[in-house]
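Going down the list, the protein sequences come from chains A and B.
First residue of the first sequence: 16, per my numbering; consecutive thereafter.
First residue of the second sequence: 16, per my numbering; consecutive thereafter.
Quick reminder that beta carbons are idealized off the backbone N, C-alpha and C, glycines included.
Number of protein chains: 2
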Amino acid sequence: MPTEEELMNSYNLGIYQKGLINLILTSDFIQTRLEYYLQEYDLTLQQYGILRILRREYPNKCTNNFIKERMLRKSADTTRLVDRLEKKGLVTRTQSQNDRRRVDISISDKGMGQLSQIDNSITFSERLLSELTSNEVSELNKMLEKIRME
Amino acid sequence: MPTEEELMNSYNLGIYQKGLINLILTSDFIQTRLEYYLQEYDLTLQQYGILRILRREYPNKCTNNFIKERMLRKSADTTRLVDRLEKKGLVTRTQSQNDRRRVDISISDKGMGQLSQIDNSITFSERLLSELTSNEVSELNKMLEKIRME
DNA sequence: AATATATGTATGTTGTGAACAATAATTATT
DNA sequence: AATAATTATTGTTCACAACATACATATATT
């Protein structure tokens, strides 16, 4: 039974159109796998992203806006995403001293543990892109960046 | 203010890791633009995808499962996606004669009109990938397909 | 033919998260 | 001091994924 993927070739699609579909397909392919893996840790991609941002800054703390700016998907409702992480004990929130409008967010020990567990058991990037040589990946990166230059 | 995107270079990321982030970023970039554009037509990406599948088969009708298999994102709750399209009058549903479990779904005239209006006013693919030469797009396609070969 | 199994669709429920608006608290600006 | 801008939260609505269940109809098995 042919899938959209398999049909791409049977229809007369221009390579640009094919490229567009390919990009979405591949990204979904990757994201689906990431999500599937993170499921084991009861984390969504968004939540995982936030934890990584927090770890990157550790031991410094991050504000809501700081996180928001760095997320892959903008338009994030950071407050409620952090709510969920806090509820799981992966993150702590305290009111900032300097600017009391702000809330300092920090990854907890538990969150750190969770992340390193994830990191240790797999290296997503290498697994998922393992079909490509490093030269190819470099080329890929160049092109993807070009697309976003628009 | 640096974004995740800009930060990629300042951190010591391997190119594979960078490739992964790049793929997600670029796909989101494209999808966000598509969504933004489709917003004008009160369509989501999922709904747009279904309409295109239906048009492709027109004047043949499609069943729920047929559509499901061809969607970019599997795991689609086709019934309720089609519900929304039906409510807007873009799609019609009738019980199948041959197999009365099935429901024949067809794009309506209004749906057709909507789609061609979208097509006429923009060619997504060419616009979005316009920074790449056709050689580059071919290369890109090869690599993206390789990734999904896994 | 009667029964069991498979299939196609619909429905119910829960949770994530996007979109958009409104509010409260605090700080900056004039 | 008064006004504006910033930060985070809250509220609401909707799309959709995930998972289970129900139900009618087809098909297979005995």
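Given residue i, which residues of its chain have a CB within under 8 Å of its CB, disregarding the five upstream and five downstream residues?
i, result
"A:LEU147", "LEU155"
"B:ILE120", "LEU69, LYS76, CYS77, THR78, ASN79, ILE82, VAL97, VAL106, THR107, ARG108"
"A:LEU100", "GLN62, ILE65, LEU66, VAL106, GLY126"
"B:THR123", "The sequence shown places Ser at residue 123 of chain B, not Thr. If we look at B:SER123 and ignore the five residues flanking it on each side, its Cβ neighbours are GLY104, LEU105, VAL106, THR107."
To the nearest angstrom, how far is the alpha carbon of residue i from that of residue j?
i, j, result
"B:ILE162", "A:GLN112", "48 Å"
"A:ARG67", "A:LEU130", "8 Å"
"B:VAL106", "B:LEU143", "28 Å"
"B:MET16", "A:LYS125", "No answer about B:MET16 holds up, because its pLDDT of 35 lies below 50 and its placement is not dependable."
"B:THR18", "A:LEU60", "Because the pLDDT of B:THR18 is 49, which lies under 50, any placement of that residue in the model is unreliable, and the number read from its coordinates should be weighed accordingly. Answer to the nearest angstrom: the Cα atoms are 18 Å apart."
"A:ASP134", "A:PRO74", "19 Å"
"A:LYS103", "A:LYS33", "42 Å"
"A:GLY29", "B:SER153", "10 Å"
"B:GLU160", "A:ARG115", "50 Å"
"A:THR41", "B:LEU53", "21 Å"
"B:MET158", "B:ARG85", "22 Å"
"A:LEU87", "B:LEU49", "17 Å"
"B:ILE47", "A:MET127", "Strictly speaking, residue 47 of chain B in this sequence is Thr, with Ile absent from that position. Looking at the two C-alpha atoms, the distance is approximately 31 Å."
Chain B beta carbons: is any one of them nearer than 8 Å to that of residue i?
i, result
"A:MET127", "no"
"A:LEU117", "Correcting the residue identity first, residue 117 of chain A is Arg in this sequence and not Leu. Not closer than 8 Å to any Cβ of chain B, the Cβ of A:ARG117 fails to qualify, so no."
"A:ASN156", "yes"
"A:GLU160", "yes"
"A:ARG95", "no"
"A:SER25", "Only weak support exists for where A:SER25 lies, its pLDDT of 45 falling under 50; the coordinates are left without a value."
"A:GLU101", "no"
"A:LEU147", "yes"
"A:LEU143", "yes"
"A:LEU87", "yes"
Do residue i and the ligand FMN come close, with the Cβ less than 7 Å from some heavy atom?
i, result
"A:GLN61", "The model depicted lacks the ligand FMN and carries no ligand whatsoever."
Would you call residue i buried or exposed, if buried means 16 or more other Cβ atoms sit within 10 Å of its Cβ?
i, result
"B:GLN62", "buried"
"B:ASN31", "Per the sequence shown, residue 31 of chain B should be read as Tyr rather than Asn. When all chains shown are included, B:TYR31 counts as buried."
"A:THR93", "buried"
"A:ASN150", "exposed"
I'd like the list of long-range same chain contacts for residue i, defined as Cβ closer than 7 Å, with 5 residues on each side in sequence excluded.
i, result
"A:ARG117", "THR78, SER111"
"B:TYR56", "GLN129, ILE133"
"B:ILE45", "LEU143"
Of all the CB atoms in chain A, is at least one closer than 8 Å to the CB of residue i?
i, result
"B:ILE122", "no"
"B:ASN135", "no"
"B:ARG108", "no"
"B:LEU130", "no"
"B:SER111", "no"
request  = Give, in chain order, every residue of the stretch 40-73 of chain A whose Cβ lies closer than 7 Å to some Cβ of chain B.
outcome  = LEU40, THR41, SER42, ASP43, PHE44, ILE45, GLN46
key: Against chain B: residues of the stretch 27-38 of chain A by CB proximity under 9 Å   = Against chain B - using a Cβ distance shorter than 9 Å - the residues of the stretch 27-38 of chain A are LEU28, GLY29, ILE30, TYR31, GLN32, LYS33, GLY34, LEU35, ILE36, ASN37, LEU38.
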